[in-house]
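Heads up, the sequence shown is in the numbering used here, so the first residue is 186 and it goes up one at a time.
Here a beta-carbon is modelled for each residue, glycine too, at the ideal position from N, C-alpha and C.
Computed from a predicted structure; not experimentally measured.
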Amino acid sequence: MSKQYEMVIGLEVHVELATKTKIFCGCSTAFGGEPNTHTCPVCTGMPGSLPVLNKQVLEYAIAVGLATNCEITRNCKFDRKNYFYPDNPQNYQISQLYLPICRNGHVDIETENGIKSVRIHEIHMEEDAGKLIHDDWYDASLVDYNRSGVPLIEIVSEPDMRSAEEVIAYLETLRNTIQYLGASDCKLNEGSMRADVNLSVREVGSETFGTRTEMKNLNSFHSIMHAIKGESERQIDLLESGESVIQETRRWDDTKECSYAMRSKEDAQDYRYFPDPDLVPISVSDELIESILAKQPEMRLEKKKRYKEEFDIPEYDINIITNSKHLADLFEETVSLGAQPKKVSNWIMGETLKLLKEKEMDPEDISFSASHLADLIKMTDAKEINSTVAKEVFEKIFFEDVDPKAYVEEKGLKTENNEDLLLEVAKRVIEANPQSVTDYKSGKEKAIGFLVGQSMRELKGKADPVAVTEMLKKLMS
(Lines of atoms letter the chains of each structure in order from A and count residues from 1; the text may use other names and numbers.)
(Lines give C-alpha, C1' and ligand atoms only; values in the text may rest on other atoms or scores of the structure.)
Protein backbone atom coordinates (compact mmCIF):
# COMPACT_ATOMS: atom_id res chain seq x y z
CA MET A 1 0.00 0.00 0.00
CA SER A 2 1.46 3.38 -1.06
CA LYS A 3 2.09 6.03 1.55
CA GLN A 4 -0.26 8.97 1.93
CA TYR A 5 1.33 12.42 2.16
CA GLU A 6 0.12 15.84 3.28
CA MET A 7 1.53 19.29 2.62
CA VAL A 8 2.64 21.69 5.36
CA ILE A 9 2.66 25.28 4.09
CA GLY A 10 3.59 28.62 5.57
CA LEU A 11 3.71 31.93 3.70
CA GLU A 12 5.80 35.07 3.77
CA VAL A 13 3.65 37.73 2.11
CA HIS A 14 5.24 41.01 1.05
CA VAL A 15 2.87 43.97 0.68
CA GLU A 16 3.87 47.37 -0.73
CA LEU A 17 2.19 50.05 1.34
CA ALA A 18 0.12 52.81 -0.26
CA THR A 19 2.22 55.75 0.95
CA LYS A 20 2.99 58.51 -1.53
CA THR A 21 6.66 58.56 -0.47
CA LYS A 22 9.23 55.90 0.39
CA ILE A 23 9.89 54.47 3.85
CA PHE A 24 13.03 56.49 4.69
CA CYS A 25 13.05 59.37 2.16
CA GLY A 26 10.73 61.70 0.25
CA CYS A 27 10.94 60.01 -3.17
CA SER A 28 7.74 59.01 -4.99
CA THR A 29 6.41 55.44 -4.70
CA ALA A 30 4.32 55.73 -7.91
CA PHE A 31 4.36 52.57 -10.02
CA GLY A 32 6.21 52.92 -13.32
CA GLY A 33 8.17 56.02 -14.27
CA GLU A 34 11.41 56.19 -16.23
CA PRO A 35 14.14 54.06 -14.61
CA ASN A 36 16.03 55.74 -11.77
CA THR A 37 13.87 58.89 -11.69
CA HIS A 38 12.23 58.23 -8.28
CA THR A 39 15.56 58.23 -6.45
CA CYS A 40 17.74 60.29 -4.11
CA PRO A 41 20.97 59.78 -2.08
CA VAL A 42 19.06 57.93 0.69
CA CYS A 43 17.32 55.26 -1.42
CA THR A 44 20.40 54.75 -3.62
CA GLY A 45 22.60 54.18 -0.55
CA MET A 46 24.97 57.11 -0.96
CA PRO A 47 27.57 57.46 1.82
CA GLY A 48 26.59 59.95 4.53
CA SER A 49 22.86 59.95 3.71
CA LEU A 50 20.56 59.38 6.70
CA PRO A 51 17.16 57.62 6.70
CA VAL A 52 14.12 59.04 8.53
CA LEU A 53 11.06 56.81 9.11
CA ASN A 54 7.85 57.74 7.28
CA LYS A 55 5.20 57.83 10.05
CA GLN A 56 2.47 56.66 7.66
CA VAL A 57 4.35 53.36 7.20
CA LEU A 58 4.22 52.74 10.95
CA GLU A 59 0.50 53.60 11.07
CA TYR A 60 -0.36 51.29 8.16
CA ALA A 61 1.65 48.42 9.72
CA ILE A 62 -0.16 48.85 13.05
CA ALA A 63 -3.56 49.06 11.27
CA VAL A 64 -2.89 45.75 9.47
CA GLY A 65 -1.68 44.21 12.74
CA LEU A 66 -4.82 45.26 14.61
CA ALA A 67 -7.06 43.95 11.79
CA THR A 68 -5.27 40.57 11.91
CA ASN A 69 -5.56 40.20 15.69
CA CYS A 70 -1.87 40.81 16.38
CA GLU A 71 -0.15 42.13 19.50
CA ILE A 72 1.53 45.47 18.79
CA THR A 73 5.14 45.72 19.93
CA ARG A 74 5.23 48.93 21.96
CA ASN A 75 9.01 49.36 21.75
CA CYS A 76 10.57 48.17 18.52
CA LYS A 77 13.49 49.00 16.26
CA PHE A 78 15.01 48.43 12.83
CA ASP A 79 17.86 46.06 11.98
CA ARG A 80 20.27 45.78 9.08
CA LYS A 81 20.10 42.62 7.01
CA ASN A 82 23.47 42.43 5.24
CA TYR A 83 23.77 40.91 1.79
CA PHE A 84 25.44 41.84 -1.48
CA TYR A 85 23.37 42.05 -4.65
CA PRO A 86 23.26 44.68 -7.42
CA ASP A 87 19.63 45.72 -6.72
CA ASN A 88 20.51 46.39 -3.06
CA PRO A 89 22.37 49.73 -3.20
CA GLN A 90 23.50 49.95 0.45
CA ASN A 91 24.61 46.28 0.53
CA TYR A 92 22.14 45.86 3.37
CA GLN A 93 18.36 46.00 3.74
CA ILE A 94 16.71 47.82 6.63
CA SER A 95 14.24 45.37 8.17
CA GLN A 96 13.08 44.11 11.59
CA LEU A 97 14.38 40.82 12.95
CA TYR A 98 14.43 41.00 16.74
CA LEU A 99 11.47 43.26 17.56
CA PRO A 100 8.89 43.23 14.69
CA ILE A 101 6.04 45.73 14.97
CA CYS A 102 3.29 43.02 15.17
CA ARG A 103 3.30 39.49 16.61
CA ASN A 104 1.07 36.51 17.43
CA GLY A 105 -1.99 37.24 15.30
CA HIS A 106 -4.38 35.16 13.22
CA VAL A 107 -6.89 35.37 10.40
CA ASP A 108 -9.90 33.11 9.91
CA ILE A 109 -10.44 31.57 6.49
CA GLU A 110 -13.37 29.68 4.99
CA THR A 111 -12.53 26.12 3.92
CA GLU A 112 -14.61 23.19 2.71
CA ASN A 113 -14.47 21.90 6.30
CA GLY A 114 -15.64 25.20 7.81
CA ILE A 115 -13.77 28.10 9.41
CA LYS A 116 -10.04 27.60 10.03
CA SER A 117 -7.69 29.92 11.90
CA VAL A 118 -4.28 30.56 10.32
CA ARG A 119 -1.79 31.95 12.83
CA ILE A 120 0.43 34.91 12.00
CA HIS A 121 3.89 34.67 13.55
CA GLU A 122 4.79 38.30 12.91
CA ILE A 123 4.46 41.36 10.68
CA HIS A 124 7.53 43.50 10.20
CA MET A 125 8.36 46.68 8.29
CA GLU A 126 11.17 46.84 5.76
CA GLU A 127 12.32 48.53 2.57
CA ASP A 128 12.02 47.01 -0.89
CA ALA A 129 15.04 46.41 -3.12
CA GLY A 130 15.54 47.79 -6.62
CA LYS A 131 14.83 45.81 -9.78
CA LEU A 132 17.24 44.06 -12.12
CA ILE A 133 16.36 44.02 -15.82
CA HIS A 134 18.18 41.34 -17.81
CA ASP A 135 18.75 42.38 -21.43
CA ASP A 136 19.45 39.32 -23.59
CA TRP A 137 20.16 41.42 -26.68
CA TYR A 138 23.09 43.25 -25.06
CA ASP A 139 23.93 40.32 -22.74
CA ALA A 140 23.80 42.70 -19.78
CA SER A 141 21.84 43.36 -16.60
CA LEU A 142 20.55 46.85 -15.86
CA VAL A 143 19.31 48.09 -12.49
CA ASP A 144 16.36 50.38 -11.75
CA TYR A 145 16.32 51.85 -8.22
CA ASN A 146 12.82 53.38 -8.46
CA ARG A 147 11.48 50.57 -6.25
CA SER A 148 14.40 50.73 -3.82
CA GLY A 149 13.12 52.04 -0.49
CA VAL A 150 9.43 51.51 -1.27
CA PRO A 151 7.84 50.56 2.08
CA LEU A 152 6.89 46.94 2.67
CA ILE A 153 5.31 44.92 5.39
CA GLU A 154 6.15 41.23 5.48
CA ILE A 155 3.41 39.04 6.96
CA VAL A 156 4.86 35.74 8.16
CA SER A 157 2.38 32.95 8.87
CA GLU A 158 2.84 29.81 10.91
CA PRO A 159 2.92 26.55 8.87
CA ASP A 160 -0.83 26.04 9.34
CA MET A 161 -2.03 25.52 5.76
CA ARG A 162 -2.46 22.06 4.25
CA SER A 163 -3.57 22.70 0.66
CA ALA A 164 -3.31 25.16 -2.21
CA GLU A 165 -6.98 26.03 -1.67
CA GLU A 166 -6.29 27.04 1.95
CA VAL A 167 -3.34 29.16 0.77
CA ILE A 168 -5.52 31.03 -1.75
CA ALA A 169 -8.26 31.53 0.88
CA TYR A 170 -5.65 32.96 3.28
CA LEU A 171 -4.20 35.28 0.63
CA GLU A 172 -7.65 36.47 -0.46
CA THR A 173 -8.57 37.20 3.17
CA LEU A 174 -5.33 39.14 3.70
CA ARG A 175 -5.74 41.06 0.44
CA ASN A 176 -9.35 41.94 1.22
CA THR A 177 -8.46 43.11 4.74
CA ILE A 178 -5.54 45.27 3.56
CA GLN A 179 -7.53 46.79 0.70
CA TYR A 180 -10.38 47.67 3.08
CA LEU A 181 -7.85 49.43 5.32
CA GLY A 182 -6.51 51.36 2.32
CA ALA A 183 -3.00 50.25 3.32
CA SER A 184 -2.20 48.84 -0.16
CA ASP A 185 -3.91 48.18 -3.49
CA CYS A 186 -2.50 44.60 -3.29
CA LYS A 187 -2.19 44.33 -7.09
CA LEU A 188 -0.36 41.09 -7.66
CA ASN A 189 0.29 41.93 -11.32
CA GLU A 190 2.17 45.11 -10.30
CA GLY A 191 4.09 43.36 -7.53
CA SER A 192 2.47 45.26 -4.67
CA MET A 193 1.53 41.89 -3.15
CA ARG A 194 3.72 38.83 -3.61
CA ALA A 195 4.19 35.62 -1.71
CA ASP A 196 7.06 33.29 -0.83
CA VAL A 197 5.76 29.75 -0.27
CA ASN A 198 7.51 27.57 2.32
CA LEU A 199 6.43 23.99 1.66
CA SER A 200 7.25 20.54 2.96
CA VAL A 201 5.50 17.17 2.78
CA ARG A 202 5.14 14.46 5.41
CA GLU A 203 3.25 11.21 5.83
CA VAL A 204 -0.34 11.69 6.95
CA GLY A 205 -0.51 11.28 10.72
CA SER A 206 3.11 12.28 11.32
CA GLU A 207 3.78 15.10 13.78
CA THR A 208 7.28 15.74 12.44
CA PHE A 209 7.82 18.40 9.77
CA GLY A 210 9.58 17.43 6.57
CA THR A 211 12.42 19.44 5.00
CA ARG A 212 10.98 22.61 3.52
CA THR A 213 11.82 24.55 0.41
CA GLU A 214 10.97 28.16 -0.31
CA MET A 215 9.61 29.41 -3.62
CA LYS A 216 10.20 33.14 -4.06
CA ASN A 217 8.12 36.07 -5.29
CA LEU A 218 5.04 34.36 -6.72
CA ASN A 219 2.75 37.13 -7.94
CA SER A 220 -0.45 35.51 -9.17
CA PHE A 221 -2.92 33.07 -7.66
CA HIS A 222 -2.50 30.91 -10.77
CA SER A 223 1.29 30.68 -10.22
CA ILE A 224 0.85 29.95 -6.51
CA MET A 225 -1.64 27.12 -7.15
CA HIS A 226 0.59 25.52 -9.79
CA ALA A 227 3.81 26.03 -7.82
CA ILE A 228 2.34 24.32 -4.74
CA LYS A 229 1.08 21.37 -6.78
CA GLY A 230 4.36 21.05 -8.72
CA GLU A 231 6.67 21.37 -5.71
CA SER A 232 4.66 18.94 -3.53
CA GLU A 233 4.76 16.34 -6.33
CA ARG A 234 8.53 16.87 -6.75
CA GLN A 235 9.16 16.34 -3.02
CA ILE A 236 6.93 13.24 -2.86
CA ASP A 237 8.75 11.75 -5.87
CA LEU A 238 12.10 12.29 -4.10
CA LEU A 239 10.90 10.64 -0.87
CA GLU A 240 9.30 7.73 -2.73
CA SER A 241 12.59 7.04 -4.53
CA GLY A 242 14.52 7.06 -1.24
CA GLU A 243 16.18 10.44 -1.76
CA SER A 244 16.20 13.44 0.59
CA VAL A 245 14.64 16.86 0.06
CA ILE A 246 17.30 19.60 0.23
CA GLN A 247 16.45 22.80 2.11
CA GLU A 248 16.86 25.51 -0.51
CA THR A 249 15.30 28.48 -2.23
CA ARG A 250 13.67 27.66 -5.57
CA ARG A 251 12.17 29.65 -8.43
CA TRP A 252 8.90 28.59 -10.08
CA ASP A 253 8.84 28.71 -13.89
CA ASP A 254 5.21 29.21 -14.96
CA THR A 255 5.94 28.44 -18.60
CA LYS A 256 7.71 25.12 -17.97
CA GLU A 257 5.44 24.24 -15.00
CA CYS A 258 8.40 23.32 -12.80
CA SER A 259 10.69 24.80 -10.15
CA TYR A 260 14.49 24.99 -10.14
CA ALA A 261 17.03 25.63 -7.39
CA MET A 262 18.30 29.19 -6.88
CA ARG A 263 20.47 28.90 -3.77
CA SER A 264 20.77 27.00 -0.50
CA LYS A 265 18.38 28.30 2.15
CA GLU A 266 20.00 30.98 4.31
CA ASP A 267 19.69 31.26 8.07
CA ALA A 268 19.40 34.51 10.00
CA GLN A 269 23.09 34.39 11.00
CA ASP A 270 24.11 34.40 7.32
CA TYR A 271 22.79 37.96 7.09
CA ARG A 272 24.74 39.22 10.15
CA TYR A 273 21.79 41.23 11.48
CA PHE A 274 22.51 44.07 13.88
CA PRO A 275 20.47 47.11 15.07
CA ASP A 276 20.48 49.92 12.51
CA PRO A 277 22.57 52.72 14.05
CA ASP A 278 20.99 55.48 11.89
CA LEU A 279 17.39 54.96 13.06
CA VAL A 280 16.05 55.69 16.52
CA PRO A 281 13.93 53.04 18.32
CA ILE A 282 10.15 53.35 17.93
CA SER A 283 7.87 53.84 20.91
CA VAL A 284 4.19 53.14 20.18
CA SER A 285 1.84 55.03 22.53
CA ASP A 286 -1.68 54.10 23.64
CA GLU A 287 -2.89 57.30 21.97
CA LEU A 288 -1.47 56.25 18.59
CA ILE A 289 -3.12 52.82 18.78
CA GLU A 290 -6.44 54.35 19.85
CA SER A 291 -6.35 56.87 16.99
CA ILE A 292 -5.62 54.07 14.45
CA LEU A 293 -8.42 51.92 15.90
CA ALA A 294 -10.83 54.86 15.63
CA LYS A 295 -10.04 55.14 11.89
CA GLN A 296 -10.47 51.42 11.13
CA PRO A 297 -13.24 51.03 8.51
CA GLU A 298 -16.19 48.66 8.57
CA MET A 299 -14.60 45.38 7.47
CA ARG A 300 -16.07 42.85 5.05
CA LEU A 301 -17.75 40.51 7.58
CA GLU A 302 -19.50 43.45 9.28
CA LYS A 303 -20.48 44.85 5.89
CA LYS A 304 -21.96 41.54 4.72
CA LYS A 305 -24.06 41.33 7.87
CA ARG A 306 -25.32 44.92 7.46
CA TYR A 307 -26.13 44.45 3.75
CA LYS A 308 -28.23 41.41 4.61
CA GLU A 309 -30.25 43.44 7.12
CA GLU A 310 -30.39 46.75 5.25
CA PHE A 311 -30.64 45.93 1.52
CA ASP A 312 -32.95 43.47 -0.19
CA ILE A 313 -30.31 41.86 -2.41
CA PRO A 314 -29.29 38.17 -2.76
CA GLU A 315 -26.47 36.74 -0.64
CA TYR A 316 -24.57 35.87 -3.83
CA ASP A 317 -24.58 39.57 -4.81
CA ILE A 318 -23.49 40.56 -1.30
CA ASN A 319 -20.50 38.19 -1.44
CA ILE A 320 -19.32 39.52 -4.80
CA ILE A 321 -19.85 43.22 -4.03
CA THR A 322 -18.24 43.17 -0.58
CA ASN A 323 -15.24 41.21 -1.86
CA SER A 324 -13.96 44.54 -3.20
CA LYS A 325 -14.08 47.68 -1.08
CA HIS A 326 -14.18 49.70 -4.31
CA LEU A 327 -17.34 47.88 -5.49
CA ALA A 328 -18.90 48.15 -2.04
CA ASP A 329 -18.22 51.92 -1.94
CA LEU A 330 -19.68 52.32 -5.45
CA PHE A 331 -22.78 50.33 -4.46
CA GLU A 332 -23.39 52.28 -1.24
CA GLU A 333 -22.82 55.71 -2.79
CA THR A 334 -25.16 54.95 -5.71
CA VAL A 335 -27.87 53.76 -3.29
CA SER A 336 -27.39 56.88 -1.16
CA LEU A 337 -28.22 58.96 -4.27
CA GLY A 338 -31.69 57.42 -4.42
CA ALA A 339 -31.25 54.35 -6.63
CA GLN A 340 -32.91 51.10 -5.54
CA PRO A 341 -30.36 48.66 -4.04
CA LYS A 342 -31.38 45.70 -6.24
CA LYS A 343 -31.15 47.79 -9.42
CA VAL A 344 -27.68 49.05 -8.42
CA SER A 345 -26.66 45.48 -7.64
CA ASN A 346 -27.95 44.34 -11.06
CA TRP A 347 -25.79 46.91 -12.86
CA ILE A 348 -22.71 45.97 -10.82
CA MET A 349 -23.23 42.21 -11.11
CA GLY A 350 -24.16 42.40 -14.78
CA GLU A 351 -22.63 45.05 -17.02
CA THR A 352 -19.86 46.20 -14.65
CA LEU A 353 -18.40 42.74 -14.00
CA LYS A 354 -18.81 41.83 -17.68
CA LEU A 355 -16.73 44.82 -18.83
CA LEU A 356 -14.14 44.25 -16.08
CA LYS A 357 -13.69 40.68 -17.28
CA GLU A 358 -13.55 41.64 -20.97
CA LYS A 359 -10.89 44.30 -20.36
CA GLU A 360 -9.02 42.24 -17.72
CA MET A 361 -9.43 45.05 -15.19
CA ASP A 362 -9.64 44.97 -11.39
CA PRO A 363 -12.58 46.59 -9.56
CA GLU A 364 -10.03 49.11 -8.22
CA ASP A 365 -9.53 50.31 -11.82
CA ILE A 366 -13.16 51.54 -12.04
CA SER A 367 -13.13 55.31 -12.50
CA PHE A 368 -16.76 56.26 -13.20
CA SER A 369 -18.79 58.16 -10.63
CA ALA A 370 -21.69 56.79 -8.58
CA SER A 371 -23.74 59.86 -9.49
CA HIS A 372 -23.63 58.97 -13.21
CA LEU A 373 -24.72 55.38 -12.50
CA ALA A 374 -27.54 56.68 -10.27
CA ASP A 375 -28.68 59.07 -13.05
CA LEU A 376 -28.66 56.23 -15.60
CA ILE A 377 -30.83 54.06 -13.33
CA LYS A 378 -33.27 56.96 -12.77
CA MET A 379 -33.53 57.59 -16.52
CA THR A 380 -34.23 53.89 -17.15
CA ASP A 381 -36.84 53.78 -14.37
CA ALA A 382 -38.56 56.87 -15.81
CA LYS A 383 -38.54 55.16 -19.26
CA GLU A 384 -36.60 58.08 -20.71
CA ILE A 385 -34.37 55.43 -22.31
CA ASN A 386 -34.95 51.72 -22.90
CA SER A 387 -32.74 48.89 -21.62
CA THR A 388 -30.81 48.53 -24.91
CA VAL A 389 -29.90 52.22 -24.96
CA ALA A 390 -29.12 52.09 -21.22
CA LYS A 391 -26.46 49.41 -21.84
CA GLU A 392 -24.96 51.49 -24.65
CA VAL A 393 -24.84 54.57 -22.41
CA PHE A 394 -23.40 52.58 -19.50
CA GLU A 395 -20.47 51.48 -21.64
CA LYS A 396 -19.67 55.15 -22.30
CA ILE A 397 -19.98 55.86 -18.57
CA PHE A 398 -17.71 52.90 -17.72
CA PHE A 399 -14.88 53.97 -20.01
CA GLU A 400 -15.28 57.77 -20.16
CA ASP A 401 -17.50 58.63 -17.15
CA VAL A 402 -19.83 60.65 -19.41
CA ASP A 403 -22.86 62.45 -18.00
CA PRO A 404 -25.71 60.14 -19.14
CA LYS A 405 -28.27 62.96 -19.37
CA ALA A 406 -26.04 65.07 -21.62
CA TYR A 407 -24.97 62.05 -23.69
CA VAL A 408 -28.55 60.86 -24.33
CA GLU A 409 -29.60 64.41 -25.29
CA GLU A 410 -26.61 64.92 -27.58
CA LYS A 411 -27.05 61.56 -29.38
CA GLY A 412 -30.86 61.77 -29.56
CA LEU A 413 -31.34 58.48 -27.71
CA LYS A 414 -34.43 59.38 -25.67
CA THR A 415 -37.27 56.87 -25.82
CA GLU A 416 -39.87 57.68 -28.46
CA ASN A 417 -43.21 57.97 -26.60
CA ASN A 418 -45.27 59.55 -29.41
CA GLU A 419 -48.34 57.28 -29.57
CA ASP A 420 -49.28 58.42 -33.07
CA LEU A 421 -45.81 57.48 -34.34
CA LEU A 422 -45.93 54.08 -32.57
CA LEU A 423 -49.38 53.44 -34.09
CA GLU A 424 -48.19 54.38 -37.58
CA VAL A 425 -45.07 52.15 -37.38
CA ALA A 426 -47.02 49.21 -35.89
CA LYS A 427 -49.60 49.40 -38.73
CA ARG A 428 -46.84 49.40 -41.36
CA VAL A 429 -45.08 46.40 -39.78
CA ILE A 430 -48.35 44.44 -39.56
CA GLU A 431 -49.20 45.14 -43.18
CA ALA A 432 -45.69 44.15 -44.32
CA ASN A 433 -45.66 40.84 -42.41
CA PRO A 434 -49.02 39.06 -42.88
CA GLN A 435 -47.54 35.58 -42.20
CA SER A 436 -46.28 36.62 -38.74
CA VAL A 437 -49.70 38.12 -37.97
CA THR A 438 -51.38 34.84 -38.98
CA ASP A 439 -48.88 32.86 -36.85
CA TYR A 440 -49.56 35.07 -33.83
CA LYS A 441 -53.32 34.79 -34.22
CA SER A 442 -53.02 30.98 -34.46
CA GLY A 443 -51.31 30.90 -31.05
CA LYS A 444 -47.61 31.14 -31.93
CA GLU A 445 -46.53 33.65 -29.27
CA LYS A 446 -42.98 33.82 -30.65
CA ALA A 447 -44.27 35.60 -33.76
CA ILE A 448 -44.86 38.76 -31.74
CA GLY A 449 -41.10 38.93 -31.02
CA PHE A 450 -40.34 39.21 -34.73
CA LEU A 451 -42.91 41.99 -35.18
CA VAL A 452 -41.55 43.89 -32.16
CA GLY A 453 -38.04 43.57 -33.60
CA GLN A 454 -39.15 44.98 -36.96
CA SER A 455 -40.94 47.87 -35.22
CA MET A 456 -37.90 48.69 -33.04
CA ARG A 457 -35.73 48.64 -36.13
CA GLU A 458 -37.92 51.27 -37.80
CA LEU A 459 -37.91 53.31 -34.60
CA LYS A 460 -34.07 53.05 -34.51
CA GLY A 461 -34.22 51.34 -31.12
CA LYS A 462 -35.57 54.47 -29.42
CA ALA A 463 -38.90 53.09 -28.24
CA ASP A 464 -40.05 51.19 -25.19
CA PRO A 465 -40.35 47.53 -26.32
CA VAL A 466 -43.22 47.00 -23.86
CA ALA A 467 -45.20 49.90 -25.38
CA VAL A 468 -44.49 48.60 -28.90
CA THR A 469 -45.62 45.08 -27.91
CA GLU A 470 -48.86 46.40 -26.43
CA MET A 471 -49.58 48.51 -29.53
CA LEU A 472 -49.05 45.52 -31.86
CA LYS A 473 -51.25 43.23 -29.74
CA LYS A 474 -53.96 45.88 -29.60
CA LEU A 475 -53.99 46.23 -33.41
CA MET A 476 -53.92 42.47 -34.03
CA SER A 477 -56.74 41.73 -31.62
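Secondary structure of serine 554 (DSSP, three-state): coil. The beta-carbon distance between lysine 612 and glutamate 569, rounded to whole angstroms, is 26 Å. This is too long to meet the 8 Å contact definition.
Judged by DSSP secondary structure, threonine 519 falls within the alpha helix (DSSP H) whose first and last residues are 510-521. Here arginine 457 is near asparagine 267, since their CB atoms are less than 8 Å apart. Annotated three-state conformation of tyrosine 277 is strand, per DSSP.
In this structure, arginine 265 places its C-beta atom within 8 Å of the C-beta atom of aspartate 461.
Close CB contacts of proline 220 within its chain, under the 7 Å cut and outside five residues either way in sequence, are with Asp329, Asn331 (chain order). The Cβ neighbour count for glutamine 189, taken over all protein chains shown within 10 Å, is under 16; the residue is labelled exposed.
When beta bridges are read from the DSSP output, valine 614 appears opposite no residue. With contacts defined as CB atoms closer than 8 Å, arginine 448 and histidine 199 fail to qualify as a contacting pair.
Taking C-alpha positions only, serine 369 is separated from asparagine 239 by approximately 15 Å.
Straight-line measurement puts the Cα of aspartate 439 at about 54 Å from the Cα of glutamate 630. Counting other Cβ atoms within 10 Å of its Cβ, glutamine 620 stays below 16 and is therefore classed as exposed.
Following the DSSP letters along the chain, one finds leucine 327 inside the beta strand (DSSP E) bounded by residues 325-329. With a minimum length of 4 residues, the unbroken runs of alpha helix (DSSP H) contained wholly in the region 299-375 fall at 349-366.
Relative to isoleucine 413, the option among Met400, Ala652, Leu424, Asp422 whose CA is nearest is Met400. CA-to-CA, the gap between serine 377 and cysteine 371 works out to about 5 Å. Partner residues in the beta bridge of tryptophan 437, as assigned by DSSP, are Ser444.
Assigned with DSSP and collapsed to three states, asparagine 221 falls in coil, not helix or strand. Bounds of the beta strand (DSSP E) holding threonine 296 are 287-296. In its chain, beyond the 5 residues on either side, Arg485, Lys488, Lys489, Tyr492, Ala513 have a beta carbon closer than 7 Å to the beta carbon of threonine 507. Between glutamate 307 and glutamine 278, the C-beta spacing is not below 8 Å.
Around the Cβ of arginine 360, a 10 Å sphere holds 16 or more other Cβ atoms; the residue is buried. Per the Cβ contact rule, the region 577-592 is in contact with the region 534-543 (3 or more Cβ pairs under 8 Å). With at least 16 other beta carbons inside 10 angstroms of its own, glutamine 275 counts as buried. Distance between glycine 315 and serine 554, taken at the CA atoms: about 36 Å. For methionine 378, the enclosing beta strand (DSSP E) has its first and last residue at 378-388. When Thr258, Gly195, Lys596 are compared, the shortest CA-CA separation from leucine 282 is found for Thr258. A distance below 8 Å separates the beta carbons of serine 444 and glycine 415. In the DSSP assignment, glutamate 201 falls within the unbroken beta strand (DSSP E) covering 190-201. Within the same chain, and ignoring the five residues on either side of leucine 561 in sequence, the residues whose Cβ sits closer than 7 Å to its Cβ are Ala575, Val578, Phe579, Ile582, Pro589. Between the beta-carbon of serine 342 and that of valine 303 there is about 6 Å, and that keeps the pair under the 8 Å contact cut.
Between valine 622 and methionine 656, the gap from beta carbon to beta carbon reaches 8 Å or more.
In the structure shown, arginine 485 adopts helical secondary structure according to DSSP, grouped into three states. Annotation: the continuous alpha helix (DSSP H) that includes asparagine 504 extends over 500-507. For alanine 524, the CB contacts under 6 Å within the same chain, skipping 5 residues up- and downstream, are Ala559, Ile562 in chain order.
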